[in-house]
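In the UniProt record's numbering, the protein residues as written are 1 to 298.
Glycine included, every Cβ here is placed at the ideal spot set by N, Cα and C.
Given the structure is predicted, the values throughout are model-derived calculations rather than measurements.
Some notes on the structure that comes next.
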C-alpha cells in the first residue's frame, strides 16, 4: 500500500491474546470463557480506529520477520493500514500482549513489547531519512505516539526537532508505563490522553476526578490533557480552560482498547474541524461503542 498517510501511529504493533469470561473473577479463578487472538498494541489499535473512521494511518513500529509478524502485517494491510515504514527485524520476535477480562473488568495483563524496546530509534528512521521527514523538513501532520517506547527514546522525542512541527498526540501503554511520558509532559508540546490513575502517577498525587486531573496535568506543563475516568465524567484541559462531559451509560463487555478508541475518535473529530465539546463527545461515543461490544474487532 503506497497511499500518503494522514497520520503516523508510532509504537506497539503486536498480537493480542485475550481471555474473556462473563463471570466475576478474582486471583486463582478458573472459569469458562472465550480466548481470541486479534491484532493489537496501542499504536495499532489507534490506527485501526482511525481507518474505520476514514483517516489513512501509517505505522512506525518493529515487527519480527517471523510467521507471526508476516501474518500480522498482512492483516494490517487488509485493513487499509500503511505498513511500508515498519522496521522488520530478522533477530527479534513479534511482540505479544496477553490479558484476562471478567465481568468485573480487567483481571490481569502482561505486555511483552521487548522487541519494540530493543529496536529503539530504528523505528523512527523514516522521519529522519527524508522518507516522511527530516531535520531540515520535519513532518508536520498528526502523530499518535504510545508509551511502549523506552523512557530514553520518549525523552529523545520530547526535544527532537524532527517532532517539533507535528501535532503530537500521546497515550501511555498502561499505568505501569505512565511515568515514561514525563519528558513529554514537561516539554509542553503534546496532547496527552490518560486515565485518572495515569494522571495521578504523572503528577505524583491522587486526583478525585478527571477535571482536577486535567488541571493538574496542565499545571505540570502539559500543552493539553484528555483525562478519562471509566463511567464518570471525562475532561479536556488546556490553557483555554477545562471542559467536562459525562460519557454514555453502556453495558461493559470488554475493556482492552477502550482508551485507544477514545483517542483515535478524538483525533479524527478534530482533524475534521470539531470544536472541543464535539470532539470530546465523539471520543466518548467511540469508547462506549467499544466497551459495549458494538464495535467489531474485524
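task = Mind reading off the beta-carbon distance from residue 87 to residue 122? Whole number of angstroms is fine, and I expect it under 8 Å.
result = As a first step, residue 87 is located in the chain shown; it is residue number 87 there, counting from the start. As a first step, residue 122 is located in the chain shown; it is residue number 122 there, counting from the start. Indeed they touch by this definition, with Cβ atoms about 5 Å apart.
query = Which parts of the region 199-281 are runs of the beta strand (DSSP E), unbroken and 3 residues or longer, counting only runs that do not cross its ends?
reply = For the region 199-281, whole beta strand (DSSP E) runs of length 3 or above, ordered along the chain, are 224-229, 232-238, 241-245.
Among 201, 232, 219, 116, the one whose alpha carbon lies nearest that of residue 210 = Position 210 of the chain shown, counting from 1, holds the residue named residue 210. Closest option to residue 210, Cα to Cα, is 232.
query = Since residue 91 and residue 14 are thought to touch, with beta carbons under 8 Å apart, how far apart are those beta carbons, to the nearest angstrom?
reply = Locating residue 91 in the chain shown gives position 91, counting from the first residue. Locating residue 14 in the chain shown gives position 14, counting from the first residue. The pair is not a contact, with the Cβ atoms about 17 Å apart (cut-off 8 Å).
Coil, strand or helix - residue 12 by DSSP = The count along the chain shown starts at 1 and reaches residue 12 at position 12. Reduced to three states, the DSSP call for residue 12 is coil.
ask   = From 57, 51, 292, 17, pick the residue whose C-alpha is nearest to that of residue 38; which is it?
value = Here residue 38 corresponds to residue number 38 of the chain shown, with the count starting at 1. Nearest of 57, 51, 292, 17 to residue 38, Cα basis: 17.
task = Could you spell out where the beta strand (DSSP E) holding residue 48 opens and where it closes?
result = Translated into the one-based positions of the chain shown, residue 48 becomes position 48. Residue 48 -> not in any beta strand (DSSP E); alpha helix (DSSP H) instead, spanning 42-52.
query = How big is the Cα-Cα spacing for residue 172 and residue 146?
reply = The residue you call residue 172 lines up with position 172 of the chain shown. The residue you call residue 146 lines up with position 146 of the chain shown. Each residue's Cα considered, the two are about 6 Å apart.
Supposed close pair residue 227, residue 199 - CB separation, criterion 8 Å = By one-based count along the chain shown, residue 227 stands at place 227. By one-based count along the chain shown, residue 199 stands at place 199. Contact flag correct, Cβ pair sits at about 5 Å.
key: Among 190, 206, 73, the one whose alpha carbon lies nearest that of residue 197   = For the purposes of this step, residue 197 is taken as the residue at position 197 of the chain shown. Checking every option, the nearest Cα to that of residue 197 belongs to 206.
query = Any chance the region 101-111 sits against the region 70-80, with 3 or more Cβ pairs inside 8 Å?
reply = Output reads no: the region 70-80 does not touch the region 101-111.
message = According to DSSP, is residue 101 part of a helix, a strand, or is it coil?
response = Numbered from its first residue, the chain shown carries residue 101 at position 101. If DSSP states are grouped into helix, strand and coil, residue 101 belongs with the strands.
inquiry  = Taking 8 Å as the limit between beta carbons, can you name the residues of its chain near residue 1, skipping five residues before and five after?
reply    = Along the chain shown, read from residue 1 onward, the residue named residue 1 stands at position 1. Bear in mind that a pLDDT of 48 at residue 1, under 50, signals an unreliable position, so the number given afterwards is only what the model happens to contain. Excluding residues within five positions, the ones whose Cβ falls inside 8 Å are 77, 80, 81, 82, 83, 84.
query = In whole angstroms, what separates the C-alpha of residue 257 from that of residue 45?
reply = To locate residue 257, count along the chain shown from 1; it is residue 257. To locate residue 45, count along the chain shown from 1; it is residue 45. Residue 257 and residue 45 have their C-alpha atoms roughly 7 Å apart.
task = Return the chain-ordered list of same chain residues with a C-beta closer than 6 Å to the C-beta of residue 126, the five sequence neighbours on each side being excluded.
result = Position 126 of the chain shown holds residue 126. Excluding its 5 nearest sequence neighbours in each direction, residue 126 has C-beta neighbours in its own chain below 6 Å: 85, 132, listed in chain order.
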